[in-house]
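Protein chains in written order, with the numbering used here: chain A, 238 to 613; chain B, 41 to 360.
Backbone N, C-alpha and C define an ideal beta-carbon position, used for all residues, glycine too.
Given the structure is predicted, the values throughout are model-derived calculations rather than measurements.
The structure appears right after this line, and notes come after that.
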Amino acid sequence: MRLIKAITRKEFIHILRDPRTLGITLFLPLFQLLMFGYALSLDINHIPVAIYDSDRSATSRRLIENFSSSGYFDITARPSKADFAERLDAGMIKVAIIIPKGFEDSILSDKNTKVQALVDGSDPNLARVATGYSSAIIGRFSAKVTADSLYKKGVAITRDLSPIEIRARVWYNPELRSVNFIVPGLMALIMMTVTTISISVALVREKERGTLENIIISPVKSWEIILGKIIPYVVIAFFEAVLITAVGTLWFKVPMNGSLLLLFFSLIIYVAGTLGLGLVISAATDSQQVASFGAFMTTFLPAFLLSGFVFPIKSMPLVLQYITYLVPARYFLVVIRGIFLKGVGISVLWPNLMALALFATLMIIIASVRLRRAFA
Amino acid sequence: MGGYRYLVMIRHVIETENLIVDFPSVRAVDGVNIRVKEGEIFGLVGQDGAGKTTTIRVLSTILKPTSGEVRLWGKDIVREARAVRGRIGYMSQRFNLYGDLTVEENLRFFADIYGLPEAEHAKRMKELLHFARLEAFTDRQAEFLSGGMKQKLALACTLIYEPEILFLDEPTTGVDPVSRREFWAILSELRSRGITLLVSTPYMDEAERCSTVAFIDNGKISMCDSPQSIKTSLSGEIVELIAKPQREARRIVRGLGYVRDVEVYGERLLVTVDAASEAIERLRCDLSDKVEVISAIPKAQTMESAFIEMMKRSRQRVQE
Chain A
238 MRLIKAITRK EFIHILRDPR TLGITLFLPL FQLLMFGYAL SLDINHIPVA IYDSDRSATS
298 RRLIENFSSS GYFDITARPS KADFAERLDA GMIKVAIIIP KGFEDSILSD KNTKVQALVD
358 GSDPNLARVA TGYSSAIIGR FSAKVTADSL YKKGVAITRD LSPIEIRARV WYNPELRSVN
418 FIVPGLMALI MMTVTTISIS VALVREKERG TLENIIISPV KSWEIILGKI IPYVVIAFFE
478 AVLITAVGTL WFKVPMNGSL LLLFFSLIIY VAGTLGLGLV ISAATDSQQV ASFGAFMTTF
538 LPAFLLSGFV FPIKSMPLVL QYITYLVPAR YFLVVIRGIF LKGVGISVLW PNLMALALFA
598 TLMIIIASVR LRRAFA
Chain B
41 MGGYRYLVMI RHVIETENLI VDFPSVRAVD GVNIRVKEGE IFGLVGQDGA GKTTTIRVLS
101 TILKPTSGEV RLWGKDIVRE ARAVRGRIGY MSQRFNLYGD LTVEENLRFF ADIYGLPEAE
161 HAKRMKELLH FARLEAFTDR QAEFLSGGMK QKLALACTLI YEPEILFLDE PTTGVDPVSR
221 REFWAILSEL RSRGITLLVS TPYMDEAERC STVAFIDNGK ISMCDSPQSI KTSLSGEIVE
281 LIAKPQREAR RIVRGLGYVR DVEVYGERLL VTVDAASEAI ERLRCDLSDK VEVISAIPKA
341 QTMESAFIEM MKRSRQRVQE
């Protein structure tokens with residue numbers, strides 16, 4: 238115990254005396270949070286659209302009105318001829334709507350007519366959403382038009398023309414704010430990269446400077462070295478988590494429905510594993526560059542792509558789905574979203590916590606064995 | 041036989057048997073056999089890249105040998121690493137303390153990881169700070185110490201848990217002459233306390249201060265003996281001869297069968313022979329009727345010339 242304490246104390250001195258490292262470990266995560274929190278919005282609003290109205294009638298103006306008042310579209314141009322190609326090419330607009338000549342006449346004479354929409358498909362997600370919104374707006378408009386024409390013919394319609402309506406109620410995130418989904422995910426991502434990189438660099442630095450030799454030939458056992466190194470970084474990770482939680486709930490207004498205690502408890506299990514991973518990486522290399530690059534590659538990419546952070550695991554190819562079981566962020570994401578958004582407790586989350594504990598134990602054992610083998 | 045072995049084990053605290061260390065592209069240590077007696081200063085002397093550092097790193101259990109055996113107090117260091125660690129100290133050639141920790145914090149860290157009882161900390165640290173002449177710098181971060189002070193701090197750190205054997209890898213390389221002298225005074229003091237020291241050095245004046253010197257070259261020990269015996273057996277003894285006319289004297293001396301080498305230093309001739317006192321008689325005799333011998337006195341041989349002589353011979357061996 239005394240040996241672990243000695244290493245922990247020394248490690249704390251290193252961290253506290255090096256303002257740059259301290260700044261990086263505490264404020265880089267904050268910076269990342271703000272950047273991702275704003276940039277990585279999955280909500281789609283204010284899609285720039287150009288409308289070419291060659292009918293110039295009361296009805297066509299009403300349709301245009303429906304677009305502009307929806308909030309989803311910003312009408313940025315009303316060109317006098319159908320020259321959309323350039324604007325789409327330049328990315329100035331994402332959607333172009335073309336209302337044909339004789340639009341109103343067709344409607345008044347009970348004939349079918351068409352409105353054309355050109356959609357920029359280079360961003361498939363946006364294209365899908367924009368198409369959906371446009372169809373909804375036009376669909377509602379044409380129901381209204383039909384009702385009007387029936388009314389003129391003496392048929393009064395008292396109910397909606399599409400009689401079955403879906404009453405969707407969204408749980409956990411009723412406003413469907415993507416930031417509620419992103420911020421807890423970012424916590425998993427940031428904690429993993431920062432802890433893994435900082436501890437692997439710290440151990441490799443001891444190798445590079447030869448200071449590890451002094452510890453190796455002392456009676457300290459390798460697991461004591463590992464624990465002594467991990468503890469201070471767990472403490473730092475705790476502060477980072479507090480910071481992220483504070484900014485997430487107070488600034489981004491992410492709801493916190495679960496237990497803070499459970500959140501921090503899970504976090505300690507999670508970072509024990511990511512710190513263990515960092516030590517495994519640093520046991521394998523002698524250069525700080527290789528260590529930090531290795532740590533980045535084994536944390537950021539899997540945590541970003543294979544954890545369900547943004548991309549649902551269920552829609553990945555089967556092989557990748559199996560690989561995701563090796564990514565600790567996958568389990569932590571379930572835990573942290575469960576706590577933040579669903580407010581669920583340990584009775585629901587325990588399988589994921591077990592997986593995290595297993596990962597942490599494995600990493601610490603591997604790191605101890607590798608460290609011992611390198612020097613024994 | 042058993043009794044004899046027992047005696048040997050008491051006398052030799054370090055023994056290596058055909059120690060070999062291979063690195064991917066080179067054999068760094070090639071069959072080293074050394075025996076170090078308890079309480080001596082054993083010098084490992086050789087050029088850069090001769091295998092000094094690798095040998096010391098194996099002896100201090102940092103590096104595993106490729107083959108061969110190393111025993112400290114008769115214990116195999118690979119199989120019984122745990123039994124010898126904590127009784128040995130290692131000071132690396134490179135400064136390997138924590139630069140951001142102060143003198144006191146570094147000492148304290150060593151005391152902690154070597155399990156020095158808390159109650160002894162203060163007393164022991166005070167003693168060592170005094171011993172290393174670092175009392176005035178306890179709160180200075182190690183990276184801001186001078187080269188000599190760094191080495192003294194490193195030594196103090198390895199001494200905090202009172203090791204019985206101390207391995208020092210070129211402890212004075214890059215240290216100014218005054219600090220070097222001071223450092224060696226400290227080493228002599230340690231020896232007088234009964235600590236066994238194994239020191240590697242590229243400096244011949246330091247080799248001279250050891251009780252036993254082993255020359256290492258290309259991973260092999262080419263010679264191992266006391267400094268005096270090495271000097272004598274390698275390069276013989278030297279007679280400083282002043283005679284007139286010098287040129288004539290030199291010509292004659294060079295032709296004599298018992299003279300190994302003649303070099304001119306100003307008005308003096310340095311004549312290398314097997315035994316100085318005997319040679320002086322013969323030189324006086326051989327020269328007296330041809331030149332005027334003003335003086336012929338024995339001169340102390342240096343380790344430097346012994347080392348150069350040895351390098352010459354090993355190079356000849358390679359050429360053959």
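Neighbour list for residue i in chain B, Cβ cutoff strictly below 8 Å
i: residue 245 (chain A); result: Ordered by position in chain B, no residue passes the 8 Å Cβ test against residue 245 (chain A), which lies about 10 Å from the chain.
i: residue 574 (chain A); result: Chain B residues near residue 574 (chain A): none, gap ~40 Å exceeds 8 Å.
Check whether residue i and residue j have beta carbons under 7 Å apart
i: residue 279 (chain A); j: residue 415 (chain A); result: yes
i: residue 274 (chain A); j: residue 479 (chain A); result: no
i: residue 76 (chain B); j: residue 91 (chain B); result: no
i: residue 356 (chain A); j: residue 367 (chain A); result: yes
i: residue 378 (chain A); j: residue 300 (chain A); result: yes
i: residue 129 (chain B); j: residue 60 (chain B); result: no
i: residue 512 (chain A); j: residue 432 (chain A); result: yes
i: residue 279 (chain B); j: residue 267 (chain B); result: no
i: residue 309 (chain B); j: residue 324 (chain B); result: no
i: residue 468 (chain A); j: residue 594 (chain A); result: no
i: residue 209 (chain B); j: residue 106 (chain B); result: no
i: residue 149 (chain B); j: residue 200 (chain B); result: no
i: residue 236 (chain B); j: residue 57 (chain B); result: no
Residue range of the alpha helix (DSSP H) that includes residue i
i: residue 310 (chain A); result: Residue 310 (chain A) -> not in any alpha helix (DSSP H); beta strand (DSSP E) instead, spanning 310-314.
i: residue 407 (chain A); result: Run containing residue 407 (chain A): none; DSSP gives neither H nor E here.
i: residue 367 (chain B); result: The structure shown does not extend to residue 367 (chain B), since chain B spans only 41 to 360, so no value can be given for it.
i: residue 506 (chain A); result: 497-520
i: residue 547 (chain A); result: Where residue 547 (chain A) is concerned, there is no enclosing alpha helix (DSSP H), given that its DSSP letter is neither H nor E.
Alpha-carbon to alpha-carbon, residue j and residue i
i: residue 41 (chain B); j: residue 350 (chain B); result: Interpretation of residue 41 (chain B) is limited by its pLDDT of 41, a score under 50 that renders its predicted location unreliable; no figure is taken from the coordinates.
i: residue 613 (chain A); j: residue 360 (chain A); result: A caution first: residue 613 (chain A) carries a pLDDT of 49, below 50, which makes its placement in the model too unreliable to give a value.
i: residue 125 (chain B); j: residue 298 (chain B); result: 52 Å
i: residue 306 (chain B); j: residue 81 (chain B); result: 37 Å
i: residue 301 (chain B); j: residue 311 (chain B); result: 6 Å
i: residue 335 (chain B); j: residue 246 (chain B); result: 31 Å
i: residue 341 (chain B); j: residue 347 (chain B); result: 11 Å
i: residue 535 (chain A); j: residue 245 (chain A); result: 26 Å
i: residue 509 (chain A); j: residue 471 (chain A); result: 7 Å
i: residue 409 (chain A); j: residue 569 (chain A); result: 18 Å
i: residue 584 (chain A); j: residue 563 (chain A); result: 23 Å
i: residue 240 (chain A); j: residue 252 (chain A); result: 19 Å
i: residue 402 (chain A); j: residue 306 (chain A); result: 22 Å
i: residue 597 (chain A); j: residue 544 (chain A); result: 17 Å
i: residue 255 (chain A); j: residue 525 (chain A); result: 17 Å
i: residue 344 (chain A); j: residue 406 (chain A); result: 35 Å
For residue i, the first and last residue of its enclosing beta strand (DSSP E)
i: residue 255 (chain B); result: 252-257
i: residue 128 (chain B); result: 128-131
i: residue 445 (chain A); result: Here residue 445 (chain A) belongs to no beta strand (DSSP E); instead the alpha helix (DSSP H) covers 415-445.
i: residue 62 (chain B); result: 52-63
i: residue 175 (chain B); result: That residue, residue 175 (chain B), is in no beta strand (DSSP E); it is neither H nor E in DSSP.
Reduced DSSP secondary structure (H/G/I, E/B, other) of residue i
i: residue 475 (chain A); result: helix
i: residue 201 (chain B); result: coil
i: residue 337 (chain B); result: strand
i: residue 243 (chain A); result: helix
i: residue 451 (chain A); result: helix
i: residue 238 (chain B); result: strand
i: residue 356 (chain B); result: helix
i: residue 283 (chain A); result: coil
i: residue 321 (chain A); result: coil
i: residue 195 (chain B); result: helix
i: residue 260 (chain B); result: strand
Chain-ordered chain B contacts of residue i [CB-CB under 9 Å]
i: residue 450 (chain A); result: 97, 100, 102, 130, 132 and 136
i: residue 251 (chain A); result: 138, 140 and 141
i: residue 255 (chain A); result: 140
Under 8 Å from the C-beta of residue i: neighbouring residues of chain A
i: residue 155 (chain B); result: 239, 240 and 456
Interface partners of residue i on chain A, CB under 9 Å
i: residue 126 (chain B); result: 454, 455 and 456
i: residue 62 (chain B); result: None at all; the shortest Cβ gap to chain A is about 17 Å.
i: residue 326 (chain B); result: Here the premise fails: no neighbours, minimum Cβ distance about 58 Å.
Contacts that residue i makes with chain B (C-beta to C-beta distance below 7 Å)
i: residue 447 (chain A); result: 132, 134 and 136
7 Å Cβ cut-off: residues of chain A touching residue i
i: residue 145 (chain B); result: 250
i: residue 177 (chain B); result: Correct list: empty, because the minimum Cβ distance to chain A is about 17 Å.
i: residue 149 (chain B); result: 243 and 247
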